[in-house]
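Each residue of the sequence shown is one higher than the one before, starting from 15 at the first, in the numbering used here.
Glycine residues also receive a C-beta, built at the ideal position from the N, C-alpha and C atoms.
Working notes, structure below.
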Amino acid sequence: MDSQFKKALATGVAITALLFNSSLAFAGADADSSVGDDGDAFSYSEDNDDFKVKNKNNSALFNLDAGVGISGLNSQSGNDDDNDLGTGGSDGEAESDNFLNSNVTSIGDDDSEGSAHADADVGEDGTATAYAIDNDKFKVKNKNEAELLNFTLGLAISGGNTQSGNDDNNSMSTGDSNAMASALNEVNSNWTTIEGSHSAHANASVGDDGDAFAYAEDNDKVEVKNKNKAEVLNVSAAIAVSGGNTQSGNDDDNSLDTGASTAESDANNFVNTNVTTVGSSNGGSSDATADVGEDGTATAYAIDNDKVKVENKNEAEVANVSAGVAVSGGNTQSGNDDGNSMTTGESSGSSCSTNTVNSNWTTIGAEPPEGGDPGC
15 MDSQFKKALA
25 TGVAITALLF
35 NSSLAFAGAD
45 ADSSVGDDGD
55 AFSYSEDNDD
65 FKVKNKNNSA
75 LFNLDAGVGI
85 SGLNSQSGND
95 DDNDLGTGGS
105 DGEAESDNFL
115 NSNVTSIGDD
125 DSEGSAHADA
135 DVGEDGTATA
145 YAIDNDKFKV
155 KNKNEAELLN
165 FTLGLAISGG
175 NTQSGNDDNN
185 SMSTGDSNAM
195 ASALNEVNSN
205 WTTIEGSHSA
215 HANASVGDDG
225 DAFAYAEDND
235 KVEVKNKNKA
245 EVLNVSAAIA
255 VSGGNTQSGN
265 DDDNSLDTGA
275 STAESDANNF
285 VNTNVTTVGS
295 SNGGSSDATA
305 DVGEDGTATA
315 YAIDNDKVKV
325 ENKNEAEVAN
335 VSAGVAVSGG
345 NTQSGNDDGN
355 SMTTGESSGS
365 SCSTNTVNSN
375 WTTIGAEPPE
385 GGDPGC
């Protein structure tokens, strides 16, 4: 059921793109100081960003999807010669997609726009001092509780017919019966992306005969906390019946033919999924540059402190039933006179279940991992 997995993935991508396109750019702090000759230049820039995102969801969902097609359950009795009972094909299809408690958090900015920049410049015979300090704090907290009760039923019946007490030359033929049930349940999904914090850049420059001092400090603190609790009961059943027919008490030359019966049931449950990506090639660093031409002192300090904390707690109870039942047999032919025949069609039943429960993917300083099994 690749299409359903792609649908779930596309939903997350679309929401993430929406956040990127609608987000505000966080401005940085810039300080510039310049003196020609024989003076002092002092520049101080500080940029402090504090991001807090808190999501709390509580949901309960009961869902029933049923696709029922019936062309059978017919009766033919007490008639004279040359009786014919034929049913058309029967199709029953049910599809259920449930998305409960999805949190998408995306924090990112261009390093050049959201950082602290300090530049101090003196031509000659002076002192240039530059301070750049950038403090970034990110805190994302997601708490989800979900109860999901989902029933998906695809039922197709072309059988269950009765032909009895008729005279000669009786025939019964049923059409093909096809049933499909498909369920996709995505419960408690947290996608958090912090693309990189801002930076601190300090530059101090003196031509000759002076002192240059540059200090850059970048402190980043990232905290992501996900807490999920889920109870999921999913029943997916596909039942296709072309059999279960009865032909009895008729005179000569009776025939019973059943069509093919096909049933397919798929269930995909993704419960308590946490994907956390912290860091990229942009931002989150400090650099200090001090430059003196001749006869002076150049001093530069660059300090970078990073702290990342990711905590995931998941609780899940999942009960899943997936059944594909196809019946072309179960037919009865009895008490008839001479020349009786019975032919049953092919019968095929398949069932597939994928349960991905309590998954935590955490990536720091690299690209996020690709998903695993796409499911049925």
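Quick one: give me the first and last residue of the beta strand (DSSP E) that ASN268 is part of. The residue given as residue 268 occupies position 254 in the sequence shown. Taken as a continuous stretch (DSSP letters only), the beta strand (DSSP E) holding ASN268 covers 268-271.
Give the DSSP bridge partners of GLY257, in chain order. Along the sequence shown, read from residue 1 onward, the residue named residue 257 stands at position 243. In the DSSP output, where bridge partners are listed per residue, GLY257 has none listed.
Less than 8 Å between the C-beta atoms of VAL332 and ASN369, yes or no? Position 318 of the sequence shown, counted from the start, is the residue given in the question as residue 332. Position 355 of the sequence shown, counted from the start, is the residue given in the question as residue 369. Yes. Within cutoff.
Report the three-state DSSP secondary structure of ASN183 (helix, strand or coil). Here residue 183 refers to the residue found at position 169 when the sequence shown is read from its first residue. If DSSP states are grouped into helix, strand and coil, ASN183 belongs with coil.
Length of the line joining the Cα atoms of ASN217 and ASP52: Here residue 217 refers to the residue found at position 203 when the sequence shown is read from its first residue. Here residue 52 refers to the residue found at position 38 when the sequence shown is read from its first residue. Answer to the nearest angstrom: the Cα atoms are 19 Å apart.
Can you tell me whether SER219 is buried or exposed? The criterion is at least 16 other CB atoms within 10 Å of its CB, across all chains shown. Here residue 219 is taken as the residue at index 205 of the sequence shown, counted from 1. Buried is the call here.
Excluding the 5 residues preceding and the 5 following SER295 in the sequence, name in chain order all residues of the same chain whose CB lies nearer than 6 Å to its CB. By one-based count along the sequence shown, residue 295 stands at place 281. Note on SER295: pLDDT 45, under 50, position unreliable in the model; the coordinate value appears next. So no residue of the chain qualifies.
Terminal residues of the continuous beta strand (DSSP E) containing SER362? Within the sequence shown, residue 362 is the residue found at index 348, counting from 1. Start and end: 361-378.
In chain order, each beta strand (DSSP E) run of at least 3 residues that lies wholly inside the region 145-183: 176-178
Nearest to ALA195 (by Cα), restricted to the options THR141, ALA108, GLY86: On the sequence shown, residue 195 is found 181 positions in, with the first residue counted as 1. It is ALA108 whose Cα lies nearest to the Cα of ALA195.
Suppose contacts are defined by Cβ-Cβ distances below 8 Å. Is ASN156 in contact with ASN192 by that definition? Numbered from 1 along the sequence shown, position 142 holds the residue referred to as residue 156. Numbered from 1 along the sequence shown, position 178 holds the residue referred to as residue 192. The answer is no: Cβ separation not under 8 Å.
Could you check where the beta strand (DSSP E) with ASP105 kicks off and where it finishes? The count along the sequence shown starts at 1 and reaches residue 105 at position 91. Counting along the chain, the beta strand (DSSP E) containing ASP105 begins and ends at 104-121.
Beta-carbon proximity of GLY273 to THR188, cut-off 8 Å: Your numbering for residue 273 matches position 259 in the sequence shown. Your numbering for residue 188 matches position 174 in the sequence shown. Yes; because the gap between Cβ atoms is below 8 Å, this pair is in contact.
My output table needs one value for GLU138: the three-state DSSP class, helix, strand or coil. Position 124 of the sequence shown, counting from 1, holds the residue named residue 138. Note: GLU138 maps to coil in three-state DSSP.
Taking the alpha-carbon of ALA146 as reference, which of ALA228, VAL236, GLY344 has the nearest alpha-carbon? Indexing the sequence shown from 1 puts residue 146 at position 132. For the residues ALA228, VAL236, GLY344, the minimum Cα distance to ALA146 belongs to ALA228.
C-alpha distance - SER37 paired with ALA230, whole-angstrom precision: Numbered from 1 along the sequence shown, position 23 holds the residue referred to as residue 37. Numbered from 1 along the sequence shown, position 216 holds the residue referred to as residue 230. For SER37, the predicted structure reports a pLDDT of 39, less than 50, and the residue's modelled location is therefore unreliable. The matter cannot be settled from this model.
Can you list, in chain order, the residues of its chain with a C-beta nearer than 8 Å to that of ASP190? Leave out the 5 residues immediately preceding and following it. Working through the sequence shown from its first residue, we reach residue 190 at position 176. Excluding sequence neighbours, ASP190 sits near GLY103, SER104, SER172, SER256, GLY273, ALA274, SER275, THR276, GLY359.
Which residue's Cα is closest to the Cα of SER373: ASN183, THR260, PHE284, SER85? In the sequence shown, residue 373 corresponds to position 359, counting from 1. Here the closest residue by C-alpha is PHE284.
Should ALA41 go down as buried or exposed, given a rule of 16 or more other Cβ atoms within 10 Å for buried? Taking the first residue of the sequence shown as 1, we reach residue 41 at position 27. Note that ALA41 scores a pLDDT of 47, beneath 50, so its modelled location is shaky; the value from the coordinates is reported in the next line. Its Cβ having fewer than 16 others within 10 Å, ALA41 is exposed.
Excluding the 5 residues preceding and the 5 following ASN71 in the sequence, name in chain order all residues of the same chain whose CB lies nearer than 6 Å to its CB. For this step, residue 71 is matched to residue 57 along the sequence shown. Excluding sequence neighbours, ASN71 sits near ASN115, ASN158.
Three-state secondary structure (DSSP) of ASP52: Here residue 52 refers to the residue found at position 38 of the sequence shown. Three-state result, ASP52: coil.
Suppose you measure from the CA of ASP96 to the CA of ASN268; what does that come to, to the nearest Å? Working through the sequence shown from its first residue, we reach residue 96 at position 82. Working through the sequence shown from its first residue, we reach residue 268 at position 254. Their Cα atoms are separated by approximately 10 Å.
First through last residue of the beta strand (DSSP E) which encompasses SER355: Mapped onto the sequence shown, residue 355 falls at position 341. Element bounds for SER355: 354-357.
Once you ignore the five residues that flank SER91 on each side, which residues in its own chain have a CB closer than 6 Å to its CB? Counting from 1 along the sequence shown, the entry for residue 91 is found at position 77. Counting only Cβ-Cβ distances below 6 Å, and skipping sequence neighbours, we find SER178, GLY179.
Checking 8 Å against the spacing of the C-beta atoms, do ASP148 and SER57 come in under that value? Along the sequence shown, read from residue 1 onward, the residue named residue 148 stands at position 134. Along the sequence shown, read from residue 1 onward, the residue named residue 57 stands at position 43. Contact flag unset, no.
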